[in-house]
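Novice: Take a look at this one; I'll ask things after.
Numbering (our numbering), first residue to last: 34 to 216.
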């Protein structure tokens, strides 16, 4: 869940090639799948529930602008996790940056499904997918201090901060202070 109570600082992270990924499994009864037409509503619900958007209409607008123009790509790049009841509860996408490079995009897990390793499972799956789609390029992602629990996952998978973004040092101090409080 996004924590908007702390100051917002944006980061870029990257993962270089040739780093092994851990093997992660979903909890029993959970399923992994790729996007099929109609899943945009699930994506919107997941992202909104995780705090990325304040309203479903904002998520719908984002999806229409950034994903809908590429229906064939969605079926190969947008992933979901479904709980034992059949409800989609998590998503992440192996997308691309405006510059054309591999982009780990918007990992989100509904609050009721958090704390079960689903985010780590999806982070591993999407990182592996990026390596498959872009075998000779490092994977990139954008995150922010509000997503500090996800940053820990990314670091365990070998993603490192790319210095130079605005307020980078301030963001690093915020993350260090959060780690002290949580640790």
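All C-beta atoms in this analysis are idealised placements derived from N, C-alpha and C, irrespective of residue type, glycine included. Just so we're clear, the structure is a prediction, and the values are computed from it rather than from any experiment.
Excluding sequence positions up to five away, which residues of its chain have a Cβ less than 8 angstroms from the Cβ of residue 245?
Specialist: Only positions 34 to 216 of the chain appear in this structure, which leaves residue 245 out of reach.
Novice: Could you say which of 134, 103, 156, 97 lies nearest to residue 123 if we only look at CA atoms?
Specialist: For the purposes of this step, residue 123 is taken as residue 90 along the chain shown, with counting starting at 1. That would be 156, whose Cα lies nearest to the Cα of residue 123.
Novice: Compute the Euclidean distance between the alpha carbons of residue 63 and residue 117, then round it to the nearest angstrom.
Specialist: By one-based count along the chain shown, residue 63 stands at place 30. By one-based count along the chain shown, residue 117 stands at place 84. Straight-line Cα distance between these residues: approximately 5 angstroms.
Novice: Return the residue from the list 209, 200, 102 that minimises the CA-CA distance to residue 44.
Specialist: By one-based count along the chain shown, residue 44 stands at place 11. When each option's Cα is compared against that of residue 44, the closest is 200.
Novice: Pull up the distance between the alpha-carbon of residue 57 and that of residue 161, whole angstroms please.
Specialist: As a working mapping, residue 57 is identified with position 24 in the chain shown. As a working mapping, residue 161 is identified with position 128 in the chain shown. If you take the alpha carbons of residue 57 and residue 161, they lie about 12 angstroms apart.
Novice: Compare the C-alpha of residue 159 against each of 128, 179, 185, 40 and name the closest.
Specialist: Counted from its first residue, the chain shown places residue 159 at position 126. For residue 159, the nearest C-alpha among the options comes from 128.
Novice: Of all Cβ atoms in chain B, is any one closer than 8 angstroms to the Cβ of residue 126?
Specialist: Here chain B cannot be found, since the structure has a single protein chain.
Novice: Apart from the five residues just before and just after residue 211, which ones in its own chain have a Cβ nearer than 6 angstroms to its Cβ?
Specialist: In the chain shown, counting from the first residue as 1, residue 211 sits at position 178. Counting only Cβ-Cβ distances below 6 angstroms, and skipping sequence neighbours, we find 181.
Novice: How would you label residue 204, buried or exposed, when you count the other beta carbons within 10 angstroms and need 16 or more for buried?
Specialist: As a first step, residue 204 is located in the chain shown; it is residue number 171 there, counting from the start. It is buried - the Cβ of residue 204 has at least 16 other Cβ atoms within 10 Å.
Novice: Mapping the DSSP letters down to three states, classify residue 205 as helix, strand or coil.
Specialist: Stepping through the chain shown from its first residue, residue 205 is reached at position 172. Residue 205 falls in the helix class under three-state DSSP.
Novice: Which word fits residue 68, buried or exposed, when buried means at least 16 other C-beta atoms lie within 10 angstroms of its C-beta?
Specialist: Looking up residue 68 in the chain shown gives position 35. By the neighbour-count rule (16 or more Cβ atoms within 10 Å), residue 68 is buried.
Novice: For residue 65, which option in 98, 53, 202, 125 has the closest C-alpha, if you only look at C-alpha atoms?
Specialist: Reading the chain shown from its first residue, position 32 is the one you call residue 65. Residue 125 is the option with its Cα nearest to residue 65.
Novice: Applying the 10 Å Cβ sphere with the 16-neighbour rule, what's the burial state of residue 104?
Specialist: To locate residue 104, count along the chain shown from 1; it is residue 71. It is exposed - the Cβ of residue 104 has fewer than 16 other Cβ atoms within 10 Å.
Novice: Are residue 46 and residue 176 touching if we call contact CB-CB under 8 angstroms?
Specialist: In the chain shown, the residue the question calls residue 46 occupies position 13. In the chain shown, the residue the question calls residue 176 occupies position 143. Going by C-beta atoms, residue 46 is nearer than 8 angstroms to residue 176.
Novice: Any idea if residue 193 is buried or exposed, counting beta-carbon neighbours within 10 angstroms, 16 or more meaning buried?
Specialist: Here residue 193 corresponds to residue number 160 of the chain shown, with the count starting at 1. Residue 193 is exposed by the Cβ-count criterion.
Novice: Take residue 190 as the anchor and find which of 55, 40, 39, 36 has the nearest alpha-carbon.
Specialist: Position 157 of the chain shown holds residue 190. Selected option, being the one with the closest Cα: 55.
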